[in-house]
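Numbered by the numbering used here, the letters in the sequence shown go through residues 280 to 349 in order.
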Amino acid sequence: MMSARPAGTVFHEGDEVVLGRGTYQGTLGVFVRFKTDVNWADIVERNGDIRSHPVAWLDKFTNHRDHLRP
């Protein structure tokens, strides 16, 4: 099921992000775009791959310790 409603935090092209949850927690990247379902987004990971992740898993990267959630 797709949703036209954003999941939460506002991201813009070029924002540094980190996966704060999920299978790949701690993965760093750069926000590229929202998918058609705006609860998903593409990021360029540090290895150059562009991958889709749930927006709910993304955090803006500001500090190397802030991205880990309990």
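All C-beta atoms in this analysis are idealised placements derived from N, C-alpha and C, irrespective of residue type, glycine included. Predicted, not measured: the structure shown is a model, and the values here were computed from it.
Work out the CA separation of residue j and residue i for me, nearest whole Å.
i, j, result
"residue 293", "residue 329", "13 Å"
"residue 318", "residue 327", "22 Å"
"residue 333", "residue 299", "11 Å"
"residue 337", "residue 315", "17 Å"
"residue 301", "residue 295", "18 Å"
Residue i by DSSP, collapsed to three states: which one?
i, result
"residue 317", "coil"
"residue 311", "strand"
"residue 289", "coil"
Quick check on the burial criterion: 16 or more other C-beta atoms within 10 angstroms. Buried or exposed for residue i?
i, result
"residue 289", "exposed"
"residue 275", "This structure cannot speak to residue 275, because the chain is shown only from 280 to 349."
"residue 341", "exposed"
"residue 282", "For residue 282, the predicted structure reports a pLDDT of 49, less than 50, and the residue's modelled location is therefore unreliable. The matter cannot be settled from this model."
Rank the options by C-alpha distance to the C-alpha of residue i and give the top, closest one.
i, options, result
"residue 239", "302, 308, 298, 295", "Outside the displayed range of the chain (280 to 349) lies residue 239, so it cannot be described from this structure."
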